[in-house]
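Asks: Before we start, here is the structure in question, set down as structure tokens.
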């Protein structure tokens, strides 16, 4: 009797994989809202314990005023401009203003806060271009109120007592938004300038660094305002350059009469620079139709009101308003699968049950219906040098960001391998388009079925896609730049496998918050 081979056990999910799966249940907006709400409750607790000295009545009144006025003014302005209000956005703005202005019952202070709330909501419509607000609303409201003299933003969240929850909250947001690099550059630049100034005044290095991080609003600023998705440039290198510029303007002392150094002024300058290099304004999308890709995925096509500027591999954020919220908000990002020259913009979407409330909006669209696209961005793009070999790994509908590269002919002039992971052969999306991909295409089919003839099968004896199996199929993986797309859990597992196989540079694109 021949010995029975024991199948390889799957490794336990890593901490990062579990965190990705947990955070994937929330959109970026919902996560930021929850973190800010937690910080607001924490601030009330600190005041009750005597670690803050505002007074509970003042803090509660201040919180109600900020949330109530931003919510009400946003809904009123949305009705005037005949658009659907984005309640999450208004609540985030209200919570930001809660932490920017000093809680007080003084009439002038209350008037200033009230004005800041209304101006913040108004900036989304008055200081907007083609449906996209140019400036961070909370910063715009605080800046204008400062000019009036009614009140001035103190950014009181920058107090040592708040650090115990502020630091983990900021880290969570930066992890979810993948903005650690951007935040690091801003903090290094701003801290260096502030610390140098404090050292000149006779302070020790340790105290100067502590004051820079604990008593200046750097952490709050970078976690919740500088990295706001709608006011960022689309490419990573642009975001990193922006972080350095804003860091200098944030920390360097200056006074030009009516304009003096302030965090809100630094942010507004950064917003303006980002607007100049990004997709300027929202885009109206007229629904054209759908086509089934697989039994569980569908392609949606739209005609944009004007040409959409994007680079193959980037995504578009859609506003999908729905009456019954599923707790994930109404904005979703989808990879663009066509080319920048196409008349239509297209998205491949997994539409198997259970379907989220936002996806139901897509499925209920009729030809001629309109949606708003609020942003274009992402840095999941191929190396500029076509001589650089690449390995593209797509788990399920993770094929979509690679479709734009294929449609644009971006794989024909380079050494490219495309590895697909699918549950069955009929779940390989865009199988026909892959015939002309210009790349070697390999598929690992979970149920053992055979892929189409133009696609090679992953070795059947490979129990799972681990480092050993990847090395066998792509022996030169160490020479290739690796791109992985799919669900957070799949991406985490495949990234680990690629690293085990010897990959040096791995780029990932996780489909979270769907």
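Numbering (the numbering used here), first residue to last: -10 to 503. Don't be surprised by glycine CBs; every beta carbon is placed ideally from N, CA and C.
Excluding the five sequence neighbours on either side, which residues of its own chain have a C-beta within less than 6 Å of the C-beta of residue -2, listed in chain order?
Replies: Numbered from 1 along the chain shown, position 9 holds the residue referred to as residue -2. Here residue -2 scores only 45 on pLDDT, less than 50, and its place in the model should not be relied on; the value that follows carries that caveat. Closer than 6 Å at Cβ, skipping near neighbours: no residue.
Asks: In terms of alpha-carbon separation, which member of 302, 234 and 274 lies closest to residue 294?
Replies: Position 305 of the chain shown, counting from 1, holds the residue named residue 294. Considering only alpha carbons, the answer is 274.
Asks: Could you pull out every unbroken alpha helix (DSSP H) segment of at least 4 residues lying fully inside the region 372 to 410, listed in chain order?
Replies: The region 372 to 410 contains these whole alpha helix (DSSP H) runs: 389 to 396.
Asks: Whole angstroms is fine: what's the gap from residue 424's alpha carbon to residue 326's?
Replies: Locating residue 424 in the chain shown gives position 435, counting from the first residue. Locating residue 326 in the chain shown gives position 337, counting from the first residue. Those two C-alpha atoms are separated by around 16 Å.
Asks: What do you get for residue 281, buried or exposed, if any count of 16 or more other CB atoms within 10 angstroms of its CB means buried?
Replies: Here residue 281 corresponds to residue number 292 of the chain shown, with the count starting at 1. Result: exposed.
Asks: Could you give the C-beta distance for residue 426 and residue 410, rounded to a whole number, given that I count them as a contact under 8 Å?
Replies: Sequence index remark: in the chain shown, residue 426 carries index 437 (1-based). Sequence index remark: in the chain shown, residue 410 carries index 421 (1-based). Contact doesn't hold; Cβ gap of about 16 Å is too wide.
Asks: Pairing CB atoms from the region 214 to 225 with CB atoms from the region 154 to 166, are three or more of them under 8 Å?
Replies: Result yes; three or more Cβ-Cβ pairs closer than 8 Å.
Asks: Since residue 321 is in the beta strand (DSSP E), which residue starts that stretch and which ends it?
Replies: By one-based count along the chain shown, residue 321 stands at place 332. From DSSP, the beta strand (DSSP E) with residue 321 extends over 320 to 324.
Asks: Taking the beta carbon of residue 419 as the centre, do at least 16 other beta carbons fall within 10 Å, making it buried, or is it exposed?
Replies: What you label residue 419 is simply residue 430 of the chain shown in a count that begins at 1. Buried: at least 16 other Cβ atoms inside 10 Å.
Asks: Please state if the CB of residue 301 and the CB of residue 370 are separated by a distance shorter than 8 Å.
Replies: Reading the chain shown from its first residue, position 381 is the one you call residue 370. Reading the chain shown from its first residue, position 312 is the one you call residue 301. Yes.
Asks: Three-state secondary structure (DSSP) at residue 172?
Replies: Along the chain shown, one-based indexing puts residue 172 at 183. Residue 172: helix per DSSP, three-state reduction.
Asks: Threshold first: 4 residues or longer. Then list the alpha helix (DSSP H) segments lying entirely within the region 91 to 147, N to C.
Replies: Segments of the alpha helix (DSSP H) lying fully in the region 91 to 147: 96 to 115 and 126 to 137.
Asks: For residue 14, does the three-state DSSP call read helix, strand or coil?
Replies: What you label residue 14 is simply residue 25 of the chain shown in a count that begins at 1. The answer is coil: DSSP assigns residue 14 none of H, G, I, E or B.
Asks: Could you check where the beta strand (DSSP E) with residue 434 kicks off and where it finishes?
Replies: For the purposes of this step, residue 434 is identified with residue 445 of the chain shown, where counting begins at 1. It spans 429 to 434 - the beta strand (DSSP E) in which residue 434 sits, taken as one unbroken run.
Asks: Report the residue from 359, 203 and 232 whose alpha carbon sits nearest the alpha carbon of residue 155.
Replies: Along the chain shown, one-based indexing puts residue 155 at 166. That would be 203, whose Cα lies nearest to the Cα of residue 155.
Asks: When the Cα atoms are used, what is the spatial distance from residue 36 to residue 30?
Replies: To locate residue 36, count along the chain shown from 1; it is residue 47. To locate residue 30, count along the chain shown from 1; it is residue 41. About 10 Å.
Asks: Per DSSP, which residues does residue 359 bridge with? Please list them.
Replies: Counting from 1 along the chain shown, the entry for residue 359 is found at position 370. 275, per the DSSP bridge assignment.
Asks: What are the uninterrupted segments assigned as alpha helix (DSSP H) that are 4 or more residues long and contained completely in the region 58 to 96, given in chain order?
Replies: Taking only runs of at least 4 residues, the alpha helix (DSSP H) segments lying wholly in the region 58 to 96 are 76 to 89.
Asks: Assuming contact is defined by CB atoms lying nearer than 8 Å, are residue 471 and residue 453 in contact in what I supplied?
Replies: Locating residue 471 in the chain shown gives position 482, where the first residue counts as 1. Locating residue 453 in the chain shown gives position 464, where the first residue counts as 1. Not closer than 8 Å, so no.
Asks: Who are the Cβ neighbours of residue 399 in its own chain at under 7 Å, not counting the five residues just before and after it?
Replies: On the chain shown, residue 399 is found 410 positions in, with the first residue counted as 1. Answer for residue 399: 301 and 371, listed in chain order.
Asks: Mapping the DSSP letters down to three states, classify residue 341 as helix, strand or coil.
Replies: To locate residue 341, count along the chain shown from 1; it is residue 352. DSSP places residue 341 in coil when its eight states are reduced to three.
Asks: How is residue 260 classed by DSSP in three states: helix, strand or coil?
Replies: Your numbering for residue 260 matches position 271 in the chain shown. Helix at residue 260.
Asks: Give the DSSP-derived three-state secondary structure of residue 490 in the structure shown.
Replies: For the purposes of this step, residue 490 is taken as residue 501 along the chain shown, with counting starting at 1. Residue 490 falls in the coil class under three-state DSSP.
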